[in-house]
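The structure appears right after this line, and notes come after that.
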Amino acid sequence: MKAIQLTAPSLTAFRQTELPDPKAGRGEVLVRLRAAALNFVDVAIATGDFPGANFPMIPVADGAGEVAALGEGVSGLAVGDRVIPHFMPNWQGGAIMPRNVAAMRGVTLPGSLAEYVVVPATCLVALPVHLDFVQGAALPIAATTAWNAVRSAQLRPGSVVLLLGTGGVSIFALQFAKASGATVILASSSYEKLERARQLGADHLINYRATPAWDDEVLKLTEGRGADLVVETVGAATIVRSLNAAAVGGTVFTVGFVGGTASTIDLLPIIVKALRIVGNNTGSVADLAEAARAIATHHIVPVIDRVFSIDDTHAAYAELSVGGRHFGKLGITH
């Protein structure tokens, strides 16, 4: 099979190669991959900022395709079924445990930049019928993370959600939050992106370059209440303002580190407002399946900013590594 390998932690270390076709063993499924989608973790791996990767390796955690062959003992699936492999195949459900996250596609296991991959049948989720393969490939990390964010705050009509930026997690969270009847405040440095977010249903928009004290603006927009859910996708650079923007009893759902990982935090606002700070490492296969069902039920269409050919993998990585230019997700087709 044809594949892309990352031979070292470098954005210039991609090479096209041919590898033996994998074979499905007992309980496994051979998937013909049709598309992949990039996440910041993929860039972190390719720049040496994420531990545990074994080089050379087939990169990119997220992908989608169709069942090409079934291993012995597999039931409930058929050749031709359109499927999404979860990127942590051992995490079927329940609380996160070290053994659940020890194996990750695109890190310690073969990723999505190959014609075929063998995965456990239990890690596959049906691709919603209204989505194409690129849209389906966008689901495992970003949609699952956003779904868990929405669930963590038990959103309902009237809830207020604050989103930072317009990356994949933020845009999925916008779509899930609106489906829940929540009011969404979104902050970005781009008026063009803010307008696109408005078209997706965002209720209030803040340009954080024009309004550096965006947390105070959130409080003004909510008449001092703040946001019931803050999806913190940036990290150290924004966490203090996110805590200030959160409502009493609110949830700050922390998933990003593009703005750094080390921060000095005043504990008093957390204590006084009884805030919940929730860390997240994506979610389980069961969580992905729930997110996919929600997407199917509400006919949500993932936002794909650009689609690259697998031959232009280096360009896709370069685009994402710049940061701040894309809206939604970047896809790669085989």
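Just so you know, the sequence shown maps onto residues 1 to 334 in UniProt numbering.
For glycine and all other residues, C-beta sits at the position ideal for the given N, C-alpha and C.
Excluding five sequence neighbours on each side, which residues of the same chain lie with their C-beta closer than 6 Å to the C-beta of residue i?
{"i": "V125", "result": "I84, L288, A289 and A292"}
{"i": "G106", "result": "P59, V60 and A61"}
{"i": "A296", "result": "P128"}
{"i": "P269", "result": "L243"}
Taking only three categories from DSSP, how would you classify residue i?
{"i": "D21", "result": "coil"}
{"i": "V52", "result": "At residue 52 the sequence reads Gly, which differs from the Val that was named. G52 falls in the coil class under three-state DSSP."}
{"i": "E290", "result": "helix"}
{"i": "L109", "result": "strand"}
{"i": "R99", "result": "helix"}
{"i": "V129", "result": "coil"}
{"i": "G73", "result": "coil"}
{"i": "Q175", "result": "helix"}
Skipping 5 residues on each side, what residues in its chain have a beta carbon closer than 7 Å to that of residue i?
{"i": "V119", "result": "E28, V29, V31, P85 and P89"}
{"i": "M104", "result": "A61, F87 and M88"}
Going by the beta-carbon positions, is the gap between residue i and residue j smaller than 8 Å?
{"i": "G93", "j": "A286", "result": "yes"}
{"i": "T238", "j": "L164", "result": "yes"}
{"i": "N280", "j": "V240", "result": "no"}
{"i": "A37", "j": "G331", "result": "yes"}
{"i": "K178", "j": "G158", "result": "no"}
{"i": "V303", "j": "K329", "result": "yes"}
{"i": "V184", "j": "L194", "result": "no"}
{"i": "A35", "j": "G80", "result": "no"}
{"i": "R306", "j": "H334", "result": "no"}
{"i": "K273", "j": "G250", "result": "yes"}
{"i": "F253", "j": "S152", "result": "yes"}
{"i": "Y116", "j": "L6", "result": "no"}
{"i": "V169", "j": "A142", "result": "yes"}
{"i": "T108", "j": "N39", "result": "no"}
{"i": "P9", "j": "G65", "result": "no"}
{"i": "V160", "j": "A182", "result": "yes"}
Assuming residue i and residue j make a contact with CB atoms under 8 Å, what is their CB distance in whole Å?
{"i": "A187", "j": "I206", "result": "4 Å"}
{"i": "A236", "j": "S263", "result": "4 Å"}
{"i": "L11", "j": "A46", "result": "6 Å"}
{"i": "S189", "j": "Y208", "result": "6 Å"}
Any beta carbon of chain B sitting closer than 8 Å to that of residue i?
{"i": "F172", "result": "No chain B is present in this structure, which holds just one protein chain."}
If contact is defined by three or more beta carbon pairs under 8 Å, each pair taking one atom from either stretch, is the segment 139 to 156 in contact with the segment 303 to 320?
No: fewer than three Cβ pairs fall under 8 Å.
Is the segment 69 to 84 in contact with the segment 40 to 58, if contact means three or more CB pairs nearer than 8 Å?
Not touching, per the Cβ criterion.
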